[in-house]
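Chains as they are written, first to last, in the working numbering: chain A, 0 to 260; chain B, 23 to 275.
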Ligand SMILES: Nc1ncnc2c1ncn2[C@@H]1O[C@H](COP(=O)(O)OP(=O)(O)OP(=O)(O)O)[C@@H](O)[C@H]1O
Ligand SMILES: [Mg+2]
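What follows is the structure, given as C-alpha cells:
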C-alpha cells in the first residue's frame, strides 16, 4: 500500500535529488558563492540572518493577508451586488477588468505617490492583484445555482434572504474557494512586486526590500535566503487553502470527492 | 365539489415564439391520481410548471384549489434536485425550514416519511453517497413532508431500472392511498400510466393538445399481478392507440 503516500513522497524525492545535484555541481565545479551559492550555504545564511529576515517576513505576511482579507470582503460584496443587479454589473465590471489587466508594476509607482503611507500603498497594490479572481469566480458561483433548485425555493415561497443563505451561498462556495486559491498566491506576488516598486526605503519593510538590499551589496546567498522564504510562504498559502477547501467541500463537491475504495 | 386542478383553454407560447400548448383544458378532482402521457416535447413539463405557478400561461386560466393549510403544492422534478451540500435529512427538511417549522417538530414529521420510503438510517448521508434510486426517494420524501394537497411528479422514475421503478410505483400508490392527495403524474410510459392512475390524459405532439381522457377503472390496491390481467392490457392498448393518434402534430413551427 504505497499509493496514498505517493503524492508526497515522489515530489519530495525529486526535490531532494535536485538539491543534491545542485550542491554537488557547485562544489565540484567550484562555482563562487557570489554567482551561485550551494543550498547548504543558503540555509546557513538564512539561519544567520533569521532575526532580520523573520521581521521582514512578518511584514510581507501582514501585507499579503491584509490584502487578501480586503480582496475577499470587496470581491464578495461586489459579487453580491452584481448578482442582485445586472445594471450594477454593467456599470462597474469594466472597471474591475481594467484594474485586472493593467500590470500592477505599472500602477504601483503612481499609487506610491498618491498614498502617503507606504504600508497602505502596498496593501492597495496587493489588493488590486488579488481581488479580481474572487470577484469573477463569486459572480459566476452566485449564478450557478441549479435552476430546478431555484424553482423549488420559489415553489415553497422562500424569502430572498433564505434563498441567499441556503441556495446561492452554498452554490457559490466552490467557485469562491477556487478564486481564493488563486488570490492567495496573487496577494503574495502583489505584496512582493509592490515592494520592489517602492524600493528599499522606509523602516517597515518586507522580504522584497531584503532582496533589493542584498543585491546592492551583491550578497547573493542572502538573496536566495529571502527568495526561499517567499517561495515557502507561497507553498504554505497554497496548502492552507487546499486544506480549507477540503474541510468545506470535502463531502459533497466533485472537486474534493475521491473515488470510493 | 370544486376541482383540485383546473385548466381552462390554456395556451402557452414562449418568448422564443415557440407554441408549446394550445387550448389545453381538464379538471382533476381532489384525491384523484391522474397520469399525463405524451410524446417528448409536447409540453407535459410545461403544464406542471403552470400548475405549480412557476410560469404563467399566455392564454386561458390555471387554477389550483387548496384549503390553504400548509404548503399546498409539491413538485418532484425529473432529476432528484437535491442540494449536494446538505445531508439527506437536511434536504428533506428544506420545505419545513423555509416555512419556519421548528427543528424538533420537523424531525418528528420527517422520521415517518423516511421510514415509509425505506430511507431510515441514511439521514446523515450526502447525496453523492446515495444511489440513484435513493436520491429519487429522498426527493419524493421532501415533496411529501409538507403534507401537500397536490403532488406534481415529472417522470420521477424515468432514470431508474425496471425493478426499482416497480417498487417505487408500489410505494407511491401506498402513500397516495394512505394520504389521499391529488396527483398529476407525468410519464412517457403507457404501462406506468395505466398501472398507477385512475385516469390517463393523453397529449398530442407539439403544440400540445389533449387528445384523449381515458378512465382506468381498475380496483386498488394494485399489485404486480395486475400487469398480467387482460383488463390491464386492454387499457394499455387504448392509451397506446390514443398516443399514436396524437403523434401527427406539426413537427416544425
Ligand atoms: N423556457 C423555455 N423557453 C422556450 N421554449 C421552451 C421552454 N421550456 C420548454 N420549451 C419548449 O416547449 C416545448 C415543450 O417542453 P416541455 O419541457 O414541456 O416538454 P415535455 O413534454 O415535458 O417533454 P419531455 O417528455 O421530453 O420532458 C419543447 O419544445 C421545449 O423546447
Ligand atoms: Mg418534461
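Even for Gly, the Cβ is constructed at its ideal location relative to N, Cα and C.
Taking residue 95 of chain A as reference, the option from A/110, A/109, A/111, A/73 with the minimal CA-CA separation is A/73. Contact between residue 224 of chain B and residue 264 of chain B is confirmed by a C-beta separation of about 4 Å, below the 8 Å threshold.
Taking the Cβ of residue 67 of chain B as the reference point, at least one heavy atom of ligand 2 falls within a distance shorter than 7 Å. At least 8 Å separates the CB of residue 223 of chain A from every CB of chain B.
Taking CB atoms only, residue 27 of chain B has no neighbour in chain A less than 8 Å away. When the beta-carbon positions are compared, residue 94 of chain B and residue 84 of chain B stay at least 8 Å from each other.
Distances between the C-beta of residue 121 of chain B and the heavy atoms of ligand 1 are all 7 Å or more. The segment 42-60 of chain B and the segment 219-239 of chain B touch, with three or more beta-carbon pairs separated by less than 8 Å. Not a single C-beta of chain B is nearer than 8 Å to the C-beta of residue 209 of chain A. For residue 129 of chain B, the enclosing alpha helix (DSSP H) begins and ends at 125-138.
Per DSSP, reduced to three states, the secondary structure at residue 94 of chain B is coil, with no helix or strand assignment.
For ligand 1, a non-hydrogen atom lies closer than 7 Å to the CB of residue 210 of chain B. Going by C-alpha positions, residue 122 of chain A is about 10 Å away from residue 129 of chain A. The same chain holds no residue with a CB closer than 7 Å to that of residue 160 of chain A once the five nearest residues on each side in sequence are set aside.
Residue-level contact by beta carbon fails for residue 113 of chain A and chain B, as no gap is shorter than 8 Å.
For residue 176 of chain B, the shortest separation between its Cβ and any heavy atom of ligand 2 lies below 7 Å. Rounded to the nearest angstrom, the gap between the Cα atoms of residue 143 of chain B and residue 43 of chain B is 44 Å. Setting aside the 5 residues that flank it on each side, residue 205 of chain A is surrounded in the same chain by 55, 58, 59, 194, each with a C-beta closer than 6 Å to its C-beta; the list follows chain order.
The alpha-carbon of residue 147 of chain A is positioned some 13 Å away from that of residue 96 of chain B. Distance from the C-beta of residue 78 of chain B to the nearest heavy atom of ligand 1 is not below 7 Å. The beta carbon of residue 162 of chain B does not come within 8 Å of any beta carbon belonging to chain A, so the residue lies off that interface. With respect to the C-alpha of residue 199 of chain B, the residue from B/176, B/161, B/244 having the closest C-alpha is B/244. Given a length threshold of 3 residues, each whole run of the beta strand (DSSP E) inside the segment 159-202 of chain B is given here in chain order: 172-176.
Against chain B, the beta carbon of residue 251 of chain A has neighbours under 7 Å at 106, 107, 148, 150, listed in chain order. Residues of the same chain with a CB within less than 7 Å of the CB of residue 71 of chain B, apart from the 5 flanking positions on each side, are 77 in chain order.
Taking the Cα of residue 137 of chain B as reference, the smallest distance to any Cα among B/116, B/67, B/167 is reached at B/167.
A direct Cα-to-Cα measurement between residue 135 of chain A and residue 47 of chain A gives close to 44 Å. Nearest in C-alpha terms to residue 176 of chain A, of all of A/7, A/242, A/30, is A/242. By the beta-carbon neighbour count (other beta carbons within 10 angstroms, threshold 16), residue 249 of chain A is exposed.
Rounded to whole angstroms, the gap between the alpha carbons of residue 171 of chain A and residue 49 of chain A is 42 Å. Under DSSP, no beta-bridge partner is assigned to residue 222 of chain A. A Cβ-Cβ separation of about 19 Å leaves residue 228 of chain A out of contact with residue 15 of chain A under the 8 Å criterion.
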